[in-house]
Each structure stands twice: as C-alpha cells, then as structure tokens.
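Structure, as structure tokens:
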Amino acid sequence: MKAVVTVVGKDAVGIIASVCTELAHYNVNVLDISQTVMQGYFTMMMVVDVEKSTLPLALLSKELEEKGRQMGLSIRIQREDIFNAMHRV
Numbered sequence: 175m176k177a178v179v180t181v182v183g184k185d186a187v188g189i190i191a192s193v194c195t196e197l198a199h200y201n202v203n204v205l206d207i208s209q210t211v212m213q214g215y216f217t218m219m220m221v222v223d224v225e226k227s228t229l230p231l232a233l234l235s236k237e238l239e240e241k242g243r244q245m246g247l248s249i250r251i252q253r254e255d256i257f258n259a260m261h262r263v
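Here the working numbering = 1-based position in the sequence shown + 174.
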C-alpha cells in the first residue's frame with residue numbers, strides 16, 4: 175500500500191535525512207520525493223510504500239508526529255487513496 179508523507183516547518187539542516195532515517199527504521203520505502211524551501215520554510219511530500227512496514231499505519235503516524243514535534247515540524251502520513259480523495263478538485 176502506498177501512503178503520502180507531508181513535512182512542513184522552518185528550514186534546518188538534516189530534515190530530509192532525519193525523516194528518511196525514521197521511515198527506514200520502520201522498513202518504509204521512499205518511492206518519490208519532492209521538496210522545496212520557500213522564504214525559510216521547508217515543505218516536502220513523499221510517496222512511500224508501507225507494505226512491509228514494521229508498524230501499522232496508525233502507529234507509524236503517531237511515531238512520525240512525535241518525530242515532527244521533536245524537530246519542530248509537522249509530519250503527517252495518510253494512505254494514498256484517502257489523500258487523493260481529500261484533495262480531489
């Protein structure tokens with residue numbers, strides 16, 4: 175199953191590395207990634223494969239939210255189909 179990870183916050187060194195390391199810790203594979211910095215704010219979207227994750231999606235979401243709090247970021251994960259349904263124009 176694919177999921178979408180969003181990361182938003184003030185730019186700092188190591189955000190991508192930290193988020194990817196956290197995902198790898200739970201055996202989540204990054205399939206696609208896009209990031210940008212706009213006027214000092216970091217934004218990133220990732221499409222990930224959670225099929226082999228060592229945590230169910232709900233627990234993975236809590237872990238990523240906690241990692242975000244520690245880093246001063248908002249980190250969210252949603253199933254791809256739910257993300258797409260929420261953002262349909």
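Ideal Cβ positions, reconstructed from N, Cα and C, are used throughout, including at glycine.
Asked: So what does DSSP say about Q213, is it helix, strand or coil?; Found: coil
Asked: Spell out a yes or no on whether the stretch 222-230 and the stretch 184-192 are touching, meaning 3 or more CB-CB pairs, one atom from each, closer than 8 angstroms.; Found: no
Asked: Is it buried or exposed for I249, if we count other Cβ within 10 angstroms and need 16 for buried?; Found: buried
Asked: Helix, strand or coil for A177? Go by DSSP, reduced to three states.; Found: strand
Asked: If you follow the alpha helix (DSSP H) that L229 is in, where does it begin and where does it stop?; Found: Neither: L229 is in no alpha helix (DSSP H) and is coded neither H nor E.
Asked: Would you decide whether L233 is buried or exposed? Buried here means 16 or more other CB atoms lie within 10 Å of its CB.; Found: exposed
Asked: Could you tell me the boundaries of the alpha helix (DSSP H) in which I191 lies?; Found: Here residue 191 is Ala; the residue named in the question, Ile, does not match the sequence. Counting along the chain, the alpha helix (DSSP H) containing A191 begins and ends at I189 to H199.
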